[in-house]
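Some notes on the structure that comes next.
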Amino acid sequence: MATFQTLPGFREFYPEDLIRRSHIFRLWRQTANAFGFAEYDAPVLEPLELYKAKSGEEIENQLFSFTDKGGREVALRPEMTPTVCRLVGARASALKRPIKWFSIAEFYRYERMQKGRGRCFHQFNADIFGEPGPEAEIELIALLIQCLGAFGLTEQDFYVRLSDRNLWFYYLETLGLDDARIRGVLGAVDRHEKYGDEAFKAYTEQFGPLDAAVKEKVLAFLHVKSLSELERILGAPGAEKITARLADWRKLLGGLEAMGLARFIEVDLGVVRGLAYYTGFVFEAFDRKGELRALAGGGRYDDLVEKLGGPALPAVGFAIGDMTFALLLEQRGLTPNLVQAPDVYCVIGGEAERRAAFAGIHALRAAGFRVEYPLKEVAFGKQFKAAADSGAKLALIYGADELAKGVVKFRDLTERSEHNVPRDQILAAVRDAIGGRAG
RNA sequence: GCGGUCAUAGCUCAGUUGGUUAGAGCACAAGAUUGUGAAUCUUGGGGUCGCGGGUUCGAGUCCCGUUGGCCGCCCCA
0 MATFQTLPGF
10 REFYPEDLIR
20 RSHIFRLWRQ
30 TANAFGFAEY
40 DAPVLEPLEL
50 YKAKSGEEIE
60 NQLFSFTDKG
70 GREVALRPEM
80 TPTVCRLVGA
90 RASALKRPIK
100 WFSIAEFYRY
110 ERMQKGRGRC
120 FHQFNADIFG
130 EPGPEAEIEL
140 IALLIQCLGA
150 FGLTEQDFYV
160 RLSDRNLWFY
170 YLETLGLDDA
180 RIRGVLGAVD
190 RHEKYGDEAF
200 KAYTEQFGPL
210 DAAVKEKVLA
220 FLHVKSLSEL
230 ERILGAPGAE
240 KITARLADWR
250 KLLGGLEAMG
260 LARFIEVDLG
270 VVRGLAYYTG
280 FVFEAFDRKG
290 ELRALAGGGR
300 YDDLVEKLGG
310 PALPAVGFAI
320 GDMTFALLLE
330 QRGLTPNLVQ
340 APDVYCVIGG
350 EAERRAAFAG
360 IHALRAAGFR
370 VEYPLKEVAF
380 GKQFKAAADS
390 GAKLALIYGA
400 DELAKGVVKF
410 RDLTERSEHN
420 VPRDQILAAV
430 RDAIGGRAG
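Heads up: the first sequence is residues 0 to 438, going by numbering that gives the first Met the number 0.
Structure follows, in structure tokens:
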């Protein structure tokens, strides 16, 4: 059986694996629906150009890309953002605002495998289009928190780091840096947590050493961990932009606090997210123990829809990956034991009884009950064992005696009690015992 | 792309200084058991010992290569 192997980095989902994945997706979907987000989907294969346009040429190394039979350069999607920007951009003028969309989809990246990272994975993506103010961020960060909280994770398990690229820009402008230098500094800020002072190396190589006084201010700003600190540093009668921006911050944090979510939020200007296309608030979710890679990440990208050929349309979004998230649930013992037990297991005597049982089995299934029976003739003892093993709540016994009397023996496998039910009343009896389902 | 480490049944693992036809538990299947539940007993299927080469009279075992897993680095939309 070693002839054909799974491609490196790809995952296979046997039933016991898929049931856990489905459980995660189910709660994400439920949560997004509760927040009023509409689900969409889109092609797995996209023009390569879509990703080059967004992220530049060098991205190609990490893409599953190839030339199709029509000579088109294509790539398996590595993320949803460009795709959803295209979808929304194409109908922007017709879509009711606010545009709140989500998806659960599979993505592919040609990367080396690591804990919490493979070459294929799923993401929950949620985005709000058309809302420039922090009200959109409130909505999305609340959704993010609930998408994790729905599984029983608390503020002891994860937190959301919140930062703001706008504020960084405004602040660095007041320190006299031009746009290119600001981006260089932000690159250093992004790497600072991991590399310390080394992080400024790239900046120094490009622009020469950063002025010591400026650097000191950058480092102080990078360590800001609260709104009050932020206000203190920026409090001086500064530019109007900064004053307005601080008002946005107060609105955002106030909103989250009013939702009772403040305990999940940590202001942390050390987060800037490397991606150049983020334009405002950015946020990332991590496990509290700091053992895993990021659980989720997102932010505002007001220019991207237009850059990809659509109208100017402000946007915020985030994504949760399924791999790290599943690891965290596992660590915290929050992976429920999900079993697909039938409602009813039919125990069948012989061939004649089987014919009679089929009628009842099909009627129950058509009514929405999950019904199992042995496909082949099996000794009664085995069937009762199989019925118990299956986890079914009820066993229906189709034996010769019952058939002769026009009844079915109705056994409650939990209480180990049984009684006869006329064959034409089985459906009602099962409904009664198990509760209304479908039908 | 780089480094470390590992690879024997579906799973977890034994396998002696290199020595007959490669083992156990679990799981699966059949029977004991043609009408009642987590037990017991018996039996069975299942392996190119990841793959390829080398050393040797002889390789699961030693050597080289390769593929793949895991962990980390780079990267992380």
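Using N, Cα and C, we set each Cβ at its ideal position, and we do this for glycine too.
Within the same chain, show all residues whose beta-carbon is closer than 6 Å to that of residue i, passing over the 5 residues directly before and after it, in chain order.
i    : result
A198 : A187, R190 and H191
P135 : Looking at the sequence itself, residue 135 is Ala, so the reference to Pro does not match. These residues qualify, in order along the chain: I127 and V315.
T242 : none
F34  : L142
Identify whether residue i lies in helix, strand or coil by the three-state DSSP scheme.
i    : result
S92  : coil
T278 : coil
K99  : strand
E192 : helix
N165 : helix
D431 : helix
D156 : coil
G298 : strand
H222 : coil
G254 : helix
T66  : strand
N336 : coil
E110 : coil
H418 : strand
E283 : strand
D40  : coil
D126 : strand
V343 : strand
F206 : helix
W248 : helix
V87  : helix
Express the C-alpha separation of residue j and residue i in angstroms, rounding to a whole number.
i    : j    : result
D40  : G298 : 21 Å
G195 : A238 : 30 Å
Y300 : G115 : 26 Å
L303 : G279 : 12 Å
K99  : I127 : 5 Å
E417 : D431 : 14 Å
E256 : H22  : 29 Å
R96  : E105 : 27 Å
G234 : L337 : 54 Å
A179 : F206 : 9 Å
D16  : K53  : 34 Å
N165 : I181 : 11 Å
A275 : L363 : 57 Å
L226 : W248 : 8 Å
P42  : A378 : 51 Å
According to the neighbour-count rule (16 or more other Cβ atoms, all chains shown, within 10 Å of its Cβ), is residue i buried or exposed?
i    : result
N60  : exposed
A1   : Caution applies to A1, whose pLDDT of 47 falls short of 50 and renders its modelled position unreliable; the value that the coordinates give is listed next. Its Cβ having fewer than 16 others within 10 Å, A1 is exposed.
R71  : exposed
A31  : buried
F101 : buried
D423 : exposed
E215 : exposed
D177 : exposed
Y13  : exposed
G117 : buried
Taking Cβ to Cβ, would you say residue i is nearer than 8 Å to residue j?
i    : j    : result
F157 : D321 : no
Q122 : M79  : yes
P77  : L94  : no
V315 : L139 : yes
T323 : R292 : yes
L185 : V223 : no
E352 : G398 : yes
A340 : S389 : yes
G88  : L307 : yes
Y277 : F220 : no
A91  : L312 : yes
With a threshold of 7 Å on Cβ separation, who are the neighbours of residue i within its own chain once the five nearest residues in sequence on each side are excluded?
i    : result
L412 : A386, A387, A391, K392, L393 and A394
V270 : R160, S162, V281 and E283
E11  : T5
A428 : F409 and V420
W27  : I103, F123 and C146
D81  : What sits at residue 81 in the sequence shown is Pro, not Asp. For P81, where only same-chain residues beyond five positions count, the Cβ hits under 7 Å are L49, Y50, K53 and L307.
K240 : Y169
Using a Cβ-Cβ cutoff of less than 8 Å, which residues in the same chain neighbour residue i once the five nearest sequence positions on both sides are dropped?
i    : result
L143 : A125, V159, F282, A284, A295, G297, F317 and I319
A261 : L252 and L255
G132 : D247 and K250
R244 : D163, N165, L166 and Y169
G183 : A201, Y202, Q205 and F206
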